[in-house]
Amino acid sequence: MKTGSKSKAKGEIYEARFSRHFEELKWLYTELYDNSSMFAELCDQMRRYYAERGEALKESDEKREQHPDWYKRNDMLGMMLYIDNFAGTIRGVEKKLDYLEACNVNYVHLMPFLDTVEGRSDGGYAVADFRKVQEKLGTMEDLAHLTASCHKRGINICMDFVMNHTSEDHEWAKRARQGDGEYMSRYFFFDNYEIPAMYEKTVPQVFPTTAPGNFTWLPDAGHFVMTSFYPYQWDLNYKNPRVFNEMMYNFLYLANQGIDIIRIDAVPYIWKELNTQCRNLPQVHTIVRMMRMICEIVCPGVLLLGEVVMEPEKVVPYFGTVEKPECHMLYNVTTMATTWHTVATRDVSLLKKQLDIVNGLPKEYVFLNYLRCHDDIGWGLDYGTLMQEGIGERSHKKYLNDFFQGFTEGSVSRGELYNADPVTGDARFCGTTASMCGIEKAGFEGDPEAMEKAIRFDVTLHAYMFMQSGIPVLYSGDEIGQVNDYTYKEDPNKAADSRYLHRGPMRWELAAQIKDPDTVEGKLFPRLKRLEEIRKREKAFVCDADTWTIETWEASVLCIGRHYEGETIIGLFNFSEFDKTAWIDEGGEEYEELFTGAHMQPRGVNIPAYGFYYLKKKS
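Residues 297 to 915 in the numbering used here are what the sequence shown spells out, letter by letter.
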């Protein structure tokens with residue numbers, strides 16, 4: 297086909313997408329903003345960003361349109377990493393693609409890398425320029441080169457889009473600070489405390505100890521500005537259509553660098569309204585729905601991942617509906633926290649209930665599952681259920697934090713608290729998976745028996761995560777059992793933030809030992825790799841498989857079943873440091889244990905301490 301014919305065909309494809317969504321997009325936009333000229337500008341800019349989108353990306357978009365469930369396969373495995381910690385620079389990450397492939401990873405979440413100011417960055421979530429990479433990490437050209445290299449290997453790249461706020465060092469904020477009304481209107485500015493005081497009556501605080509209040513006084517500007525997170529992160533005013541339009545242009549610019557998955561940070565906070573909690577307001581869903589349509593028109597190969605930190609049944613609205621979808625994927629935050637509650641209590645009942653809720657949701661809903669991530673663990677559990685068992689919220693949070701700091705008898709965990717509030721007794725927890733499983737303690741004490749048990753538990757938790765409904769994501773370093781890094785206390789820009797405990801640099805000298813069976817890395821990495829290969833091989837691990845829990849009549853043992861196209865796999869996971877028996881009876885047929893190749897019947901199964909089984913029904 298000639299170039300001119302190709303361009304015409306591409307133009308027709310764009311017009312078909314645009315026509316399909318135009319009426320709804322216009323209706324939602326004008327309902328929110330009642331501004332036809334700004335809507336016309338948005339449409340013009342969408343065409344421009346489509347025209348600028350590379351041919352390879354357009355071809356990928358078209359293939360993914362033909363196979364909209366492409367990301368729901370059982371070979372999808374994510375890893376999240378900090379560019380500087382992992383490989384120094386973006387070019388450095390590109391040199392490590394062989395390693396990522398060895399990890400079976402085909403979805404890499406690059407933690408915030410856009411321009412920010414050291415010391416006022418919130419780990420990169422205070423963006424000073426949405427079109428510039430941090431100089432120490434590289435350039436936009438480096439990013440586009442990395443994504444192109446990844447695409448040749450079938451690896452998808454995810455990045456954060458921080459749209460709730462900008463850094464106070466962003467050009468808009470600088471102009472607003474100087475009193476430019478056009479730019480002040482892009483934020484929430486008030487010349488006295490009367491209206492901020494009204495907001496404070498209903499709006500919860502995100503960081504009550506480290507950043508109390510939702511407003512910051514600017515002496516040089518003579519105004520208060522809304523800052524829900526930190527004083528240097530100024531909340532954007534999405535009641536202003538200029539804000540929405542410009543942020544969408546940034547969004548499309550980043551998508552055109554070859555980004556496959558865009559994580560929308562702090563989604564529930566995007567719209568602010570007086571006399572509300574400024575959380576989960578209807579206008580947020582309007583904005584996310586418009587983003588989804590803009591994506592499907594300009595770059596339909598791009599997925600939206602929503603960061604919504606609530607229990608699964610409450611995050612469901614952010615998926616939208618089958619007819620009017622919003623986010624493609626959401627984080628399964630509460631199940632993660634409940635998993636660690638289960639580790640501390642050796643009681644799977646709350647986790648089983650949590651999984652039953654997720655398993656009961658429509659299969660179109662895709663959750664990202666993880667054990668640890670860049671953030672702390674907040675103990676947002678189902679305290680209504682726990683209270684029925686006589687477990688109080690404050691006392692239980694204290695127990696969990698004491699347990700994971702290693703203060704309670706029987707605990708092998710190590711870590712630190714984050715944002716501890718002496719008034720409420722509330723606190724969050726920081727630590728790597730390996731340190732929370734006992735690898736750090738066993739290594740420090742030189743106890744080989746304890747180390748073997750800790751590694752076994754680490755593998756079991758990953759095996760359990762792979763059995764959940766959705767897509768598993770590893771945290772960089774977990775594949776080699778990397779422990780807490782206490783050197784952050786020596787850096788004045790990090791010392792006050794204990795989350796850097798689990799944000800240490802990748803220990804490549806340890807990664808070099810993954811083939812040495814006498815090392816922690818050589819014991820852990822091959823076992824995780826084997827799990828990953830089982831998951832890729834067995835079709836019962838696809839996202840839309842039937843998934844359910846099975847009663848084991850043993851408090852410490854969780855049982856999960858998966859079934860797809862005639863194949864059934866049963867997973868058994870022992871959260872106790874003692875051998876346990878799962879009192880299940882799944883029939884007299886013989887099953888194969890996929891990890892070891894042993895044959896057994898799923899009846900009264902004895903499971904070693906911190907052990908697991910993957911039982912596949914023999915056809």
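Ideal Cβ positions, reconstructed from N, Cα and C, are used throughout, including at glycine.
- Here DSSP, grouped into helix, strand and coil, assigns G307 to helix.
- In summary, M747 is buried, with 16 or more beta-carbon neighbours lying within 10 Å of its beta-carbon over all protein chains present.
- Collapsing the DSSP output to three states places N902 in a strand.
- For T845, the CB contacts under 8 Å within the same chain, skipping 5 residues up- and downstream, are K648, L651, D652, N655, L854, C855, I856, G857 in chain order.
- Going by beta carbons, I776 and L820 fall inside the 8 Å limit.
- In this structure the stretch 829-842 lies against the stretch 364-371, because at least three pairs of beta carbons, one per stretch, are closer than 8 Å.
- Inter-segment contact for the stretch 721-738 and the stretch 786-802 is present: three or more beta-carbon pairs are separated by less than 8 Å.
- Sorting D556, N628, H363 by C-alpha distance to the C-alpha of L600 places D556 at the top.
- Apart from sequence neighbours up to five positions away, the residues of its chain that approach R642 with a beta-carbon distance below 6 Å are S852, F871, S872, ordered along the chain.
- In this structure K914 is exposed. Its beta-carbon is surrounded by fewer than 16 other beta-carbon atoms within 10 angstroms.
- Out of P718, F753, T720, V719, the CA that lies nearest to the CA of I735 is found in F753.
- Each residue's CA atom was taken as its position, placing R710 and Y887 some 38 Å apart.
- Taking a contact to require three or more Cβ pairs closer than 8 Å, the stretch 623-635 and the stretch 671-691 qualify as touching.
- Check the Cα spacing between T783 and each of T462, I590, R799, S417: the tightest is with R799.
- Shown here, I555 sits in coil according to DSSP, grouped into three states, outside any helix or strand.
- Our two residues, L396 and E805, have alpha carbons roughly 16 Å apart in a direct line.
- Boundaries cannot be given for G415, as no beta strand (DSSP E) includes it and DSSP labels it neither H nor E.
- Residue state for I865 is assigned as strand, using DSSP reduced to three classes.
- Q701 sits in coil when the DSSP states are folded into three classes, being neither helix nor strand.
- Contact between L550 and V539 is ruled out by a C-beta separation of about 17 Å, above the 8 Å threshold.
- Around the beta carbon of K497, fewer than 16 other beta carbons lie within 10 angstroms, which makes this residue exposed.
- Counting C-beta pairs closer than 8 Å gives fewer than three between the stretch 484-502 and the stretch 433-445, which falls short of the contact rule.
- If only complete runs of 4 or more residues are kept, the stretch 654-734 shows the alpha helix (DSSP H) at 679-684, 689-700, 729-733, in order along the chain.
- With distances taken between CA atoms, M407 lies nearest to D380 out of H519, C591, D380.
- Judged by beta-carbon spacing, E817 lies beyond the 8 Å limit of N400, meaning their Cβ atoms are not closer than that value.
- In the three-state scheme derived from DSSP, where H, G and I count as helix and E and B as strand, Q341 is classed as helix.
- Among the bridge pairs identified by DSSP, Q529 is matched with S463.
- Secondary-structure assignment with DSSP links H519 through a beta bridge to L514.
- Taken through DSSP and simplified to helix, strand or coil, R858 comes out as strand.
- When only Cα atoms are considered, C623 and G616 end up about 7 Å apart.
- When C-beta atoms of the stretch 451-470 are compared with those of the stretch 557-571, three or more pairs fall below 8 Å, so the two segments count as touching.
- Cα atoms of L824 and A517: separation of roughly 54 Å, rounded to the nearest angstrom.
- The beta carbon of N789 sits closer than 7 Å to the beta carbons of E414, G415 from its chain, once the five residues preceding and following it are set aside; these are given in chain order.
- Assignment of A792 by DSSP, reduced to helix, strand and coil, places it in the coil class.
- In the three-state DSSP reduction, G739 falls in the helix class (H, G or I).
- Under the 10 Å beta carbon count, Y909 is surrounded by 16 or more other beta carbons and is classified as buried.
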